[in-house]
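Using the numbering used here, the first residue of the sequence shown is number 8, and each one after it goes up by one. Every residue, glycine too, gets a C-beta built ideally from N, C-alpha and C.
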Amino acid sequence: MTYKGIPVLGFVGFSGSGKTTILTQVIERLQQKGLHIAVIKHTHHHFDIDKPGKDSFRFRTSGAKQVIVGSKKRFALMVELEQDEPDLTFLMSKLNLDGLDLILFEGFKHEKYPKIEVHRKGHSKEWLFPDDANIIALATDDTNPKSLPMLPLGNLDKISEFVYSYSFA
8 MTYKGIPVLG FVGFSGSGKT TILTQVIERL QQKGLHIAVI KHTHHHFDID
58 KPGKDSFRFR TSGAKQVIVG SKKRFALMVE LEQDEPDLTF LMSKLNLDGL
108 DLILFEGFKH EKYPKIEVHR KGHSKEWLFP DDANIIALAT DDTNPKSLPM
158 LPLGNLDKIS EFVYSYSFA
């Protein structure tokens, strides 16, 4: 599945399963192939990338609904939301798609985009895939309980190659 022609693929699983670790290593391998990748991460926690005392923090706390901080190397847009939690499509609409090859996401378990489930047998959590037809593969150290592609957790090259092949087949 794509967003405006750009492949989209997610990594889902319970907290502590290793999603972020796997995703960072997959990104490193894919960028070595020359891909330009965007990542969108869902969090259930209140978070803030800003720091008290900084000018941008002062602008937001004084009532600004959007603040952009920019430098020679990067910029960040902070938007105060007055709505329900944004979904993946809304957040993708905020990306600069110019030159982007792939959109990866972490979390967003209920989105209707293809996902790889990250599952560790030692965590005693239930599998997500039986209730989610959008899970296309399992990255796990457990046995594969269904005929989905199985990607061993310790084999980041195999996981990366699956992501690449799936996204650009």
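Considering MET157, what are the terminal residues of the beta strand (DSSP E) in which it resides?
Per DSSP, MET157 belongs to the beta strand (DSSP E) from 157-159.
If we call anything under 8 Å between Cβ atoms a contact, is ILE44 one with LEU111?
Yes, these two residues count as a Cβ contact at 8 Å.
Per-residue DSSP class, three states only, for HIS126:
Secondary structure at HIS126: strand, using DSSP grouped into helix, strand and coil.
Quick one: what does DSSP say THR10 is sitting in, helix, strand or coil?
In the sequence as presented, Thr is not what sits at residue 10; that position holds Tyr. Correct three-state label for TYR10: strand.
Relative to the C-alpha of ALA146, which residue among ARG127, GLU133, GLU92, SER131 is closest?
Among ARG127, GLU133, GLU92, SER131, the Cα nearest to that of ALA146 belongs to ARG127.
Do VAL74 and ARG67 have their C-beta atoms within less than 8 Å of each other?
In this structure, VAL74 sits near ARG67, with a CB-CB distance shorter than 8 Å.
Going straight from the alpha carbon of HIS117 to that of GLU168, what length do you get?
Each residue's alpha carbon lies about 25 Å from the other.
Of the choices ASP164, TYR171, ASP148, whose alpha-carbon is the least far from that of ASP108?
Nearest option by C-alpha distance: TYR171.
Under 8 Å between C-beta atoms of PRO121 and LEU16:
A contact, by the Cβ cut-off of 8 Å.
Can you tell me the Cα-Cα spacing of ARG65 and GLU133, whole angstroms?
Each residue's Cα considered, the two are about 44 Å apart.
Apart from the five residues just before and just after SER131, which ones in its own chain have a Cβ nearer than 7 Å to its Cβ?
Closer than 7 Å at Cβ, skipping near neighbours: no residue.
Using DSSP with H/G/I as helix, E/B as strand and the rest coil, what is LEU37?
In the structure shown, LEU37 sits in a helix (DSSP, three-state: H, G or I).
Buried versus exposed, by CB contacts within 10 Å (16 or more), ALA144:
Under this definition ALA144 is a buried residue.
Report the option in LYS48, LEU102, GLY129 whose CA atom is closest to the CA atom of TYR10.
Put simply, of LYS48, LEU102, GLY129 the residue whose alpha carbon is nearest the alpha carbon of TYR10 is LEU102.
Do you know whose CA, among LYS119, ASP148, ALA140, PHE115, lies nearest GLY129's CA?
When only C-alpha atoms are compared, the closest one is ASP148.
To the nearest angstrom, how far is it from the Cα of GLY114 to the Cα of GLY60?
Cα to Cα, the separation comes out at about 31 Å.
For the beta strand (DSSP E) containing GLU113, list its first residue and its last residue.
Per DSSP, GLU113 belongs to the beta strand (DSSP E) from 109-113.
Sub-8 Å separation of LEU163 and VAL46 beta-carbons
In this structure, VAL46 does not lie closer than 8 Å to LEU163 by Cβ.
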